[in-house]
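Right, one structure below, let's go through it.
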Amino acid sequence: MPKTRKTSKSKSSKKTFRLSLFLLLVGILLISASIILKNDANKLSFNDQLLYSPRVLTEVTFKPIQIEIPDVNVKLPIEKTTITNGTWQIAQNGVSYLDFSSGIGDDTAAIMYSHNTKDRFGPILKLENGDKIKITATDNTVRSYRVINTETVTPDRIDVLTSTKGEVLVLYTCTGFLDSKRFIVKALPII
99 MPKTRKTSKS KSSKKTFRLS LFLLLVGILL ISASIILKND ANKLSFNDQL
149 LYSPRVLTEV TFKPIQIEIP DVNVKLPIEK TTITNGTWQI AQNGVSYLDF
199 SSGIGDDTAA IMYSHNTKDR FGPILKLENG DKIKITATDN TVRSYRVINT
249 ETVTPDRIDV LTSTKGEVLV LYTCTGFLDS KRFIVKALPI I
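Take any residue in the sequence shown, count from 1 to its spot, add 98: that is its number in the numbering used here.
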């Protein structure tokens with residue numbers, strides 16, 4: 099009995115079918131991811147359960163306008179942001195500074211965050227203990243901080259933003275699969 103040969107047409111048909119199936123699955127995955135992520139603001143938000151009540155800041159003498167982290171080549175403007183209806187606002191062109199977290203120089207946490215991109219806070223993933231951070235104010239005074247801790251947490255660990263006593267600078271960005279985790283940097287003032 100002679101061997102039957104598959105025609106090149108049927109091989110081509112199978113390749114086309116496999117490619118179509120692959121593209122369909124990728125599309126479904128991308129749609130699912132976009133539904134899960136909803137929007138950029140939710141990517142950077144922690145769960146909506148603050149451990150302290152938002153407060154209106156009195157006139158703060160040190161108003162931050164720029165952050166510089168020389169060890170990872172970051173230099174960005176700082177914008178005051180807030181939490182509205184559980185969504186953490188995100189600065190359009192730099193770093194977000196939670197308006198009620200603290201005034202720089204207060205005895206509490208000053209919280210700043212930004213997207214995990216090369217031109218924003220992506221480089222902070224490389225920070226190590228001892229690295230320096232500089233915050234510049236509107237009057238050109240500079241406060242310097244030294245990194246004391248970095249860690250990756252889930253968005254329900256809001257305690258990492260407020261658990262340190264005394265003045266502390268807290269930076270964070272998203273990390274992990276589909277930005278499901280938060281990378282936290284804590285730094286103390288250099289006196």
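Beta carbons: idealized from backbone N, C-alpha and C, even for Gly.
Beta-carbon proximity of residue i to residue j, cut-off 8 Å
i       : j       : result
Arg-244 : Ala-285 : yes
Val-268 : Ile-209 : yes
Asp-254 : Asn-214 : no
Ala-207 : Thr-260 : yes
Boundaries (first-last residue) of the alpha helix (DSSP H) holding residue i
i       : result
Asp-170 : In the sequence as displayed, the identity of residue 170 is Val instead of Asp. Counting along the chain, Val-170 falls outside any alpha helix (DSSP H), and DSSP gives it neither H nor E.
Leu-196 : Segment 193-196 is the beta strand (DSSP E) holding Leu-196; no alpha helix (DSSP H) there.
Thr-260 : 257-260
Supposed contact pair residue j and residue i - C-beta distance, whole angstroms, cut 8 Å
i       : j       : result
Val-283 : Ile-188 : Incorrect: roughly 18 Å between the Cβ atoms, too far for contact.
Val-240 : Lys-230 : Rounded, the Cβ-Cβ distance is 11 Å, inconsistent with contact.
Asp-197 : Thr-182 : So it is not a contact: roughly 11 Å between Cβ atoms.
Glu-265 : Asp-205 : 6 Å
Separation of residue j from residue i, as counted between CA atoms
i       : j       : result
Lys-161 : Thr-236 : 6 Å
Cys-272 : Lys-109 : 44 Å
Asn-247 : Arg-280 : 14 Å
Val-170 : Lys-224 : 7 Å
Tyr-211 : Leu-122 : 36 Å
Val-258 : Lys-113 : 51 Å
Phe-275 : Gly-220 : 14 Å
Phe-115 : Trp-186 : 44 Å
Pro-175 : Gln-190 : 10 Å
Ile-126 : Glu-249 : 33 Å
Val-172 : Gly-203 : 22 Å
First through last residue of the beta strand (DSSP E) which encompasses residue i
i       : result
Ile-282 : 279-287
Leu-276 : Unbroken run through Leu-276: none, as it is neither H nor E.
Residue-chain proximity (residue i, chain C), Cβ-Cβ < 8 Å
i       : result
Ser-261 : Note that chain C does not occur in the displayed structure, where there is just one protein chain.
4 or more residues per run - each alpha helix (DSSP H) lying fully within the region 172-256: Whole alpha helix (DSSP H) segments, 4+ residues: zero.
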